[in-house]
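Visitor:
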Amino acid sequence: MSDGKPPTFWQKLFGRAGDVARSDEGAAKEEPPPPPPPPPPPPPPPRPAAVPPPQTKAVAEFVQAPAGQAMALLEANLCGAMFSGAGEALAFLGALGGARLAARAVCRVGPQGRVWVEAAAPPEKAAMLARLAGGRAFTGLVAGAGEEPTLGEPRAWVAMLPDGKPMPPRILLPQGPSRTVLVTGRDVERLERTSWSAAPLPSLLESTSLRAERARARSEVVAVVPPELARWVVGRCLALGLVISLVPAEQRGLLDAEEGTGVVWMRVHAPKGVVPASWIARLADLPGVVVAYAAGGDARLFVDARCDAPAWAPFFAAFLGRDEVWVLGAVDVGHARLRLLGEMVSGGSLVTLPDHAAAPIEREATAARLPAPIQVELVHDGRAARIDAVLLDADELAWARQWLLRLPAGDSVVLAFGGERHLLLAAEETASRVPFGVSLSRIGPGAIYIEQGLGFFPAMPPEARRRAFGPKEGELVVVTRGGSFVFRIDSLAPAWAAWIAEPPPMHPEPFGEATQKFAEIERRARADEARAAARKLPIEFDVQDGEVDVGRLREQATRALAAGSLARAAQLYERIGDLRAAAQLYERAARGE
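Position one of the sequence shown corresponds to residue 1 (full-length UniProt numbering), numbered consecutively onward.
1) Roughly how many angstroms separate the alpha carbons of I450 and I489, rounded to a whole number?
2) When the Cα atoms are used, what is the spatial distance from L424 to L90?
3) If you check the beta carbons only, do L96 and L132 fall under 8 Å apart?
4) Between L246 and G347, is the Cβ-Cβ spacing less than 8 Å?
5) Just reading off the beta strand (DSSP E) that T184 is part of, what are its end residues?
6) Measure the alpha-carbon distance for E192 versus F436 and round it to whole angstroms.
7) Between the Cα of L492 and those of R466, P461, A389, A239, spot the shortest distance and give me the residue it belongs to.
8) Leaving aside the five residues before and after E574 along the sequence, list all residues of the same chain whose C-beta is less than 7 Å from its C-beta, in chain order.
9) How would you write the range of the beta strand (DSSP E) that W483 sits in, first residue to last?
10) Look at the alpha carbon of W496 and the alpha carbon of A562, and state the distance between them as a whole number of angstroms.
11) If I follow the unbroken beta strand (DSSP E) through L454, where does it start and stop?
12) Suppose you measure from the CA of I280 to the CA of A215; what does that come to, to the nearest Å?
13) Give me the DSSP bridge partner(s) of M266.
14) Restricting to Cα atoms, I'd like to know which of E520, F417, V274 is closest to D393.
15) When you compare each of A223, A156, P154, P122 to D304 by their alpha carbons, which one comes out closest?
16) Go ahead and label P471 buried or exposed: buried means 16 or more other beta carbons lie within 10 angstroms of its beta carbon, across all protein chains shown.
17) Is M128 helix, strand or coil by DSSP?
18) Could you tell me which of V263, R554, Y293 sits nearest to E250, measuring between CA atoms?
19) Quick check on D304: does DSSP put it in helix, strand or coil?
20) For G564, count neighbouring Cβ atoms within 10 angstroms of its own Cβ and tell me buried if that reaches 16, exposed if not.
21) Leaving out five residues on either side along the sequence, give the residues of the same chain with a beta carbon under 8 Å from the beta carbon of V268.
22) Given that a residue counts as buried once 16 or more other Cβ atoms are within 10 Å of its Cβ, and exposed if not, what is D578?
23) Just the Cα atoms here: how many angstroms apart are A230 and D395?
24) Quick one: is V290 buried, meaning 16 or more other Cβ sit within 10 Å of its Cβ, or exposed?
25) Give me whichever residues DSSP pairs with V333 in a beta bridge.
26) Measure the alpha-carbon distance for residue 606 versus L405 and round it to whole angstroms.
27) For E463 and D285, I'd like the C-alpha separation in whole angstroms.
28) Would you grab the beta carbon distance between A447 and V477 for me? Rounded to a whole angstrom, and I think it's under 8 Å.
29) Considering only the alpha carbon of each residue, which of G140, A398, V376, R467 lies closest to residue 643?
30) For F83, which three-state DSSP category applies?
31) For G87, is the classification buried or exposed, using 16 other Cβ atoms within 10 angstroms of its Cβ as the cut-off for buried?
32) Determine whether the Cβ of R421 lies closer than 8 Å to any Cβ atom of chain C.
33) Applying the 10 Å Cβ sphere with the 16-neighbour rule, what's the burial state of H335?
34) Measure how close the beta-carbons of V379 and F457 come, nearest whole angstrom, since I'm counting them as under 8 Å.
35) Who are the near neighbours of G592 in its chain, counting only those whose CB is closer than 8 Å to its CB and skipping five residues on each side?
36) Report all residues from its chain with a CB closer than 8 Å to the CB of V444; omit the five preceding and five following residues, and keep chain order.
Dropping the structure here:
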């Protein structure tokens, strides 16, 4: 720029850049570098560690041992689980028994119904079953590697992880010489003996209830029967073609230690097919009778036929004694255990069936020579028939009084009283629900009834039955294995006549003069209304459309039903408004019964 020439564009550009660069270098040389940061203060000295409490030999060995040896102390053949209720605990025990992992267990019940279970089972396998049952699994600390654990002893327990391994504790395991301690990471729970009492298996079962279910047909059932009803039950089972065996037994509650009561243990099965559900339900309605089915293959645990078996029941028998059978009953009967007193005996060897019917066929003498009269036998008939009536003895009549009081039978059930036997008839299905007596079916013609499950051999057509048994007008004939009985249809009375008492004595009070005058005025007013209504009626009305005597028509319908006149009985029931009974009788009459 000293030569006086103006600077070019490039000179201006580079000259300025050089000036800027030189100015930056000058500034950088003039500014001193920043001082280094001060060093951090030294950390405070550590506090002296607290002296740990004295540890037991097992806890000290676990803390001081290497990781592998410490886990070996926990991975012993010992598993524990905590559950919120007895149902979950029983499910866990049933799973252990079904998997054959354990046959011994110790249980405790604590506050809020929680249940602690200890079992001699591999913890990595039992932990999965505990989680499936809704519990938390633990593994116990044993005295040393390879030691055999003892159930129920105080010890420290460590929670299990989902992969089946113990959760490493984040604290020193607490000393527990007199209590059970559960450790989950840093959480500790102590099971004090004062609040966690021992709970044997029967007490867990007593605290559970079964879910009700309708009785179903099964290939085999068992029954706990009082001795007073054993003979009747055996006879009815044989009449239905069922195979039955029985043995005396002693029944006690699950928690009872005193001597039990005597009962009869019966096994009932069908040689072909199943035991009908109707018979199972009827048998279960008998007083003091419990009908059950096997919940497992070894037939030591049974469940009431009116209930659904819990999921754990099929596997729970592994924890039961070999000399007892347990029956889990419904709420009205409860659970029980039985001890069988002998060997099973076939029911067929205890009952002798009659060879001949009570009334053989009689033929009138004719000029031609006829063969000897045919002896008709009562044999088993496998065909299902409707139960129309029930034959009762004196004791069963007393039972019927108590049983009918629970049903809204009204006038639909009638009784025919005899000397030693009594007959119960019903237009609906009430007769089929009576759990005692001899069930009868009407075979006709007319009023001929036969014991259910039996038939004649040789077969007798209707005319032959009429000639053989020949009920007269107003009579009803009943044919059973024990004989034939004749009842008068006129003796039929409503069922409530069996328990109604004599009315208390009544003393009519004399009417005063004012009362007599009011009564006379009311009588005249009603007479005037009746005459006015008669004048307004243009034609004579049908008497069936007016007021009817319901009691008289019901009595006529009952007699017609007992005599076998189904259509006439249906018409009478229809007139009194019992449309259900009328519809059933019309249907039976259409089928030609």
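Cβ coordinates follow ideal geometry from the N, Cα and C atoms, glycine included.
Predicted model only: the values in this text are computed from it and were never measured.
Guide: According to the data block:
1) For the purposes of this step, residue 450 is taken as the residue at position 450 of the sequence shown. For the purposes of this step, residue 489 is taken as the residue at position 489 of the sequence shown. Roughly 17 Å between the two C-alpha positions.
2) Counting from 1 along the sequence shown, the entry for residue 424 is found at position 424. Counting from 1 along the sequence shown, the entry for residue 90 is found at position 90. Each residue's alpha carbon lies about 47 Å from the other.
3) As a working mapping, residue 96 is identified with position 96 in the sequence shown. As a working mapping, residue 132 is identified with position 132 in the sequence shown. In this structure, L132 does not lie closer than 8 Å to L96 by Cβ.
4) For the purposes of this step, residue 246 is taken as the residue at position 246 of the sequence shown. For the purposes of this step, residue 347 is taken as the residue at position 347 of the sequence shown. Closer than 8 Å, so yes.
5) Along the sequence shown, read from residue 1 onward, the residue named residue 184 stands at position 184. First-last of the beta strand (DSSP E) with T184: 180-184.
6) Numbered from its first residue, the sequence shown carries residue 192 at position 192. Numbered from its first residue, the sequence shown carries residue 436 at position 436. Cα-Cα distance, rounded: 54 Å.
7) Looking up residue 492 in the sequence shown gives position 492. Cα-wise, what sits closest to L492 is A389.
8) Here residue 574 refers to the residue found at position 574 of the sequence shown. A582.
9) Counting from one through the sequence shown, the residue named residue 483 turns up at place 483. The amino acid at residue 483 is misidentified as Trp; the sequence shows Gly. Element bounds for G483: 483-488.
10) One-based indexing of the sequence shown puts residue 496 at position 496. One-based indexing of the sequence shown puts residue 562 at position 562. C-alpha separation (whole angstroms): 18 Å.
11) Reading the sequence shown from its first residue, position 454 is the one you call residue 454. Element bounds for L454: 454-457.
12) Residue 280 sits at position 280 when you count from the first residue of the sequence shown. Residue 215 sits at position 215 when you count from the first residue of the sequence shown. Computed Cα separation, rounded: 7 Å.
13) Counting from one through the sequence shown, the residue named residue 266 turns up at place 266. Paired residues: A223, L246.
14) As a working mapping, residue 393 is identified with position 393 in the sequence shown. That would be F417, whose Cα lies nearest to the Cα of D393.
15) Counted from its first residue, the sequence shown places residue 304 at position 304. Taking only the C-alpha atoms, the option nearest D304 is A223.
16) Here the question's residue 471 lines up with position 471 in the sequence shown. Burial call: buried.
17) Walking along the sequence shown from the start, residue 128 turns up at place 128. Here M128 sits in helix by DSSP.
18) Walking along the sequence shown from the start, residue 250 turns up at place 250. Closest option to E250, Cα to Cα, is V263.
19) By one-based count along the sequence shown, residue 304 stands at place 304. Reduced to three states, the DSSP call for D304 is strand.
20) Translated into the one-based positions of the sequence shown, residue 564 becomes position 564. Flag for G564 reads buried.
21) Locating residue 268 in the sequence shown gives position 268, where the first residue counts as 1. Closer than 8 Å at Cβ, skipping near neighbours: E220, V221, V222, A223, C237, L242, V243, I244, V275.
22) For the purposes of this step, residue 578 is taken as residue 578 along the sequence shown, with counting starting at 1. With 16 or more other Cβ atoms within 10 Å, it is buried.
23) Reading the sequence shown from its first residue, position 230 is the one you call residue 230. Reading the sequence shown from its first residue, position 395 is the one you call residue 395. Rounded to the nearest angstrom, the two C-alpha atoms are 15 Å apart.
24) On the sequence shown, position 290 is the one that residue 290 refers to. When all chains shown are included, V290 counts as buried.
25) Residue mapping note: residue 333 aligns to position 333 of the sequence shown, counting from 1. DSSP lists no partner for V333.
26) Outside the shown range of the chain, which is 1 to 593, sits residue 606, and nothing can be said about it.
27) Along the sequence shown, read from residue 1 onward, the residue named residue 463 stands at position 463. Along the sequence shown, read from residue 1 onward, the residue named residue 285 stands at position 285. If you take the alpha carbons of E463 and D285, they lie about 38 Å apart.
28) In the sequence shown, counting from the first residue as 1, residue 447 sits at position 447. In the sequence shown, counting from the first residue as 1, residue 477 sits at position 477. About 6 Å; that satisfies the 8 Å criterion.
29) The shown model of the chain, from 1 to 593, leaves out residue 643, and the question about it has no answer.
30) As a working note, residue 83 is residue 83 in the sequence shown. Of the three classes helix, strand and coil, the one that applies to F83 here is strand, per DSSP.
31) The sequence position of residue 87 within the sequence shown is 87, counting from 1. With 16 or more other Cβ atoms within 10 Å, it is buried.
32) The structure shown contains no chain C; it holds only a single protein chain.
33) Looking up residue 335 in the sequence shown gives position 335. Answer is buried; the Cβ neighbour count reaches 16.
34) Within the sequence shown, the letter at position 379 stands for residue 379. Within the sequence shown, the letter at position 457 stands for residue 457. Indeed they touch by this definition, with Cβ atoms about 5 Å apart.
35) What you label residue 592 is simply residue 592 of the sequence shown in a count that begins at 1. Within the same chain, G592 has no close Cβ partners at all.
36) Mapped onto the sequence shown, residue 444 falls at position 444. Contrary to the premise, residue 444 reads as Gly rather than Val in this sequence. Cβ within range, chain order: P462, R465, G564, E593.
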